[in-house]
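In the numbering used here, the protein residues as written are 10 to 623.
Ideal Cβ placement from N, Cα and C applies to all residues, glycine included.
Quick caveat, the model's predicted, so the values are computed rather than measured.
One structure is given below, encoded as structure tokens.
What follows is the structure, encoded as structure tokens:
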């Protein structure tokens, strides 16, 4: 047995982890030949990958370790009300995507989000500016997420692995956490950079299977070790309530963990009713804006057709939430009941990002611990690989090929993609070496940075008069506002600043749009006819119908809106059912199971069965 402080890991666990690392590298390199043909093969798998593989891959990409650590921490602190907090992203943007946005997006037949901008606005000056600004946004957001993953994997490995890898480098102290993060990011980059989309999808499918098995194992252990009475004696009143009032009203003062109140105060979530209103407002706007230019959009563009794009996004939700939350609530209740001494030893402020790795150390037996380690490495590597594979497409396809050397050979473009991937990893890691806490990164990425993205990307779908100039100035105003928030007003909770950033960005959209008459009307008509969105398209719709009387405008706004509401409830049921099951709240579990069955039926009737018309 190898020991490091309170941490112990057996030779069996080490063997499982090493076998996983070797296996994933071997699979990645084995498939690398399929991705070396051209850019379409490298970044989209040649549009030949089945939708269910892409769906499992997408789910694996969302099963990230940093987000899981954060979710375990907020469930520990906020109880059932934590089920609402992922709406900060918003987590139900995937519902908007599978209901209709994936269909609209896939009809474009492009490779990247930036190339889609050219499809939307044409080739004029404003369109080129909008194309450049979305490339900049994509690169910035991917670098932010690489830093976020780097921070998470470092904390996780330091808590769970027995070796101290700290060292000095030219007078700069590199901590053990950063050393682990460097090592694992480097290994992941090897097969991602070499193998492209084929390697990423194949390894992510394998990673998802491993992670799901580990989740079920953790849930079984927690269910057998913890009963409802033990939890009841520890948590404060209201912890097991899903619903809420204007104030949070969750007081840990008389519990085993009174210092949790400082965490609630620091998060700034005490006005929970106001927080909920802002999350819904921001969520609707951000979801209507569509997928951001990262791996999620790349999976949509990699599908064979529009219907499969929708099915792929639907499958992502189907397979992700119940197993993941089965594990999350398992670790949370184990920590509440059995980690009191360890958490109290932290003093006045508990580091909730350490709850997950501490629970793994204390409760998982040899073998399952190794599987859990491999599973979380898989989750991290899958998400990291997805981002690393997505970003270079913008540099190579949308800058080099479009503006620098349009006639470059496929071999040269693929080689440049490899070097671009490496450069993105290096810069992202540099950001990660200087990153703050996971919570700060999550809140900035979800609320401030995307606050600047929302206005322009809602208008691009629904307003005929919106121009490339408007898109550019809206995105620029948004990026400026979110950057100012980050550096000059860090003390304010990001979600509460979102409306200001949104309005500033919206002002940029309107100013930019009316700087000139509508250019590229033919490009706008082509976009409308090929994509068939609903929204404010009256003048363009009339011209298209005059030219082609057989054209059928999109009349599905009401049905899509209904399916979105049903889908959000359907997704929420998958989040709370595992929590109620673990807490032995059987009545609530049965009610939400009935809700899940009913919403599944409604989606089958009013969404899935309609895909044949796409």
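Just the C-alpha distance for residue i and residue j, rounded to the nearest angstrom, thanks.
i	j	result
residue 86	residue 273	8 Å
residue 484	residue 572	29 Å
residue 386	residue 186	14 Å
residue 609	residue 621	18 Å
residue 389	residue 547	46 Å
residue 178	residue 184	11 Å
residue 216	residue 69	7 Å
residue 155	residue 134	32 Å
residue 22	residue 219	14 Å
residue 574	residue 376	42 Å
residue 224	residue 332	6 Å
residue 617	residue 327	13 Å
residue 428	residue 258	52 Å
residue 613	residue 99	24 Å
residue 143	residue 402	12 Å
residue 513	residue 498	16 Å
residue 171	residue 28	18 Å
residue 60	residue 317	6 Å
residue 623	residue 118	15 Å
residue 373	residue 256	37 Å
residue 211	residue 322	17 Å
residue 226	residue 439	36 Å
residue 110	residue 34	34 Å
residue 619	residue 294	25 Å
residue 191	residue 36	22 Å
residue 569	residue 123	26 Å
residue 72	residue 583	15 Å
residue 19	residue 370	11 Å
residue 606	residue 238	30 Å
Can you give me the Cβ contacts of residue i inside the same chain, cut-off strictly under 6 Å, excluding the 5 residues immediately before and after it?
i	result
residue 550	562
residue 456	Residue confidence is low: residue 456 scores 49 on pLDDT, short of 50, so the model does not pin down where it sits. Its coordinate-derived value is still stated next. Here the set comprises 503, 504, 507.
residue 539	116
residue 176	183
residue 532	131
residue 465	480, 483, 484, 518
residue 585	92, 601
residue 96	288, 292
residue 472	545
Once the 5 residues before and after residue i are set aside, which same chain residues still bring their CB inside 8 Å of it?
i	result
residue 26	379, 382, 383, 386
residue 364	78, 81, 82, 85, 340, 341, 344, 348, 352
residue 560	538, 553, 554
residue 287	504, 505, 507, 508
residue 557	538
Which residues in the same chain have their Cβ closer than 7 Å to the Cβ of residue i, if we skip the five residues on either side of it in sequence?
i	result
residue 543	563, 565, 566
residue 425	405, 409
residue 88	244, 248, 249
residue 127	136, 140
residue 167	185, 186, 189
residue 102	295, 296
residue 63	210, 308, 311, 312, 321
residue 5	In this structure the chain extends from 10 to 623, so residue 5 is not present and cannot be described.
Could you tell me how far apart the beta carbons of residue i and residue j are, in whole angstroms, since I believe they sit closer than 8 Å?
i	j	result
residue 345	residue 90	Going by Cβ atoms, the distance from residue 345 to residue 90 rounds to 15 Å, so no, they are not a contact pair.
residue 67	residue 276	That belief does not hold up - the Cβ atoms of residue 67 and residue 276 are roughly 29 Å apart, past 8 Å.
residue 335	residue 587	4 Å
residue 5	residue 214	Because the chain is modelled from 10 through 623, residue 5 falls outside the range shown and cannot be assessed.
residue 254	residue 282	6 Å
residue 107	residue 296	Rounded, the Cβ-Cβ distance is 11 Å, inconsistent with contact.
residue 604	residue 578	6 Å
residue 30	residue 196	6 Å
residue 57	residue 330	About 29 Å; that fails the 8 Å criterion.
residue 434	residue 397	6 Å
Is any heavy atom of the ligand COA found at a distance shorter than 8 Å from the C-beta of residue i?
i	result
residue 522	Inclusion of the ligand COA in the displayed structure is not the case, the ligand content being empty and no account of it being possible.
_Below 8 Å, how does it come out for the segment 227-246 and the segment 261-281: are there three or more Cβ pairs, yes or no?_
Output reads yes: the segment 261-281 touches the segment 227-246.
*For the segment 521-535 against the segment 471-483, are there 3 or more C-beta pairs whose distance is under 8 Å?*
Three or more pairs of CB atoms, one per stretch, sit closer than 8 Å, so the segment 521-535 contacts the segment 471-483.
*Do the segment 307-322 and the segment 109-119 make contact, defined as three or more Cβ pairs closer than 8 Å?*
Yes, since at least three Cβ pairs between the segment 307-322 and the segment 109-119 fall closer than 8 Å, the two stretches touch.
_Three Cβ pairs or more, each shorter than 8 Å: is that satisfied between the segment 354-371 and the segment 139-153?_
Short answer: they don't touch.
*Return the chain-ordered ranges of every alpha helix (DSSP H) run that is complete within the segment 488-554 and spans a minimum of 4 residues.*
Within the segment 488-554, the complete alpha helix (DSSP H) runs of at least 4 residues are 503-522, 530-540.
*asked:* When you compare the segment 574-594 with the segment 331-346, are there three or more beta-carbon pairs, one atom per stretch, that lie closer than 8 Å?
replied: Three or more beta-carbon pairs drawn from the segment 574-594 and the segment 331-346 are found closer than 8 Å, and the two stretches are therefore classed as touching.
*What are the start and end residues of each continuous alpha helix (DSSP H) run of 4 or more residues lying completely inside the segment 267-351, in chain order?*
Under the rule that a run must span 4 or more residues, the alpha helix (DSSP H) segments found entirely inside the segment 267-351 read 269-276, 281-298, 304-311, 315-347.
*Which runs of the alpha helix (DSSP H) fall wholly inside the segment 103-169 and span at least 4 residues, in chain order?*
Listed in chain order, the complete alpha helix (DSSP H) runs (minimum 4 residues) inside the segment 103-169 are 111-115, 122-130, 134-169.
*In the segment 378-434, which residue ranges form an unbroken beta strand (DSSP E) of at least 3 residues, counting only runs that do not cross its ends?*
Taken in chain order, the segment 378-434 contains no complete beta strand (DSSP E) segment of 3 residues or longer.
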